[in-house]
Amino acid sequence: MAVSWLVERGHEILERNYRIGRLEVDIITLVDNQLLVFTEVKWRKRDHFGSPEEFASEEQQARIIQAAEEYIHGINWSGDIRFDIISIQSDGEIQHFKDAFY
Numbered sequence: 066m067a068v069s070w071l072v073e074r075g076h077e078i079l080e081r082n083y084r085i086g087r088l089e090v091d092i093i094t095l096v097d098n099q100l101l102v103f104t105e106v107k108w109r110k111r112d113h114f115g116s117p118e119e120f121a122s123e124e125q126q127a128r129i130i131q132a133a134e135e136y137i138h139g140i141n142w143s144g145d146i147r148f149d150i151i152s153i154q155s156d157g158e159i160q161h162f163k164d165a166f167y
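Going letter by letter, the sequence shown gives residues 66 to 167 in the numbering used here.
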């Protein structure tokens, strides 16, 4: 769902479930050939324990940032980057939080 949602909004999908060792980024996209976006997707069946975007812990954010740094180095990227969270509610509602951390 998140990939389709991003593509509809002009993101070019570069990687899905990018892994390097224990590190992972759910989706890596390129916007307008100038912005590299690292997106964490959060889904919860029920939100009575909090909304999905609240479950990206500082530790998880640090691992995503580390994976992003490896990716950036690997492709020799020198442009802008952004870290986003896509929150998918149990009813299918999607919320996109741009610049969610870093």
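Glycine included, C-beta positions come from ideal geometry on N, C-alpha and C. Small disclaimer: the values here were computed from a predicted structure and weren't measured.
Item, Value
"Is residue 108 helix, strand or coil when you go by DSSP?", "strand"
"If the criterion is Cβ atoms closer than 8 Å, does the pair residue 138 and residue 151 meet it?", "no"
"Just confirm the distance between the C-beta atoms of residue 92 and residue 81, as a whole number of angstroms; I'd bet it's less than 8 Å.", "6 Å"
"Buried or exposed for residue 107, please, with buried defined as at least 16 other CB atoms from any protein chain shown within 10 angstroms of its CB.", "buried"
"Under DSSP, the beta strand (DSSP E) around residue 158 begins and ends at which residues?", "That residue, residue 158, is in no beta strand (DSSP E); it is neither H nor E in DSSP."
"Are the CB atoms of residue 166 and residue 131 within a distance shorter than 8 Å?", "no"
"For residue 84, which beta-bridge partners are listed by DSSP?", "89"
"Mind checking whether residue 163 and residue 145 have CB atoms under 8 Å apart?", "no"
"Relative to the C-alpha of residue 71, which candidate in 86, 103 and 99 has its C-alpha closest?", "103"
"Can you grab the Cα-Cα spacing for the pair residue 136 / residue 124, in whole Å?", "19 Å"
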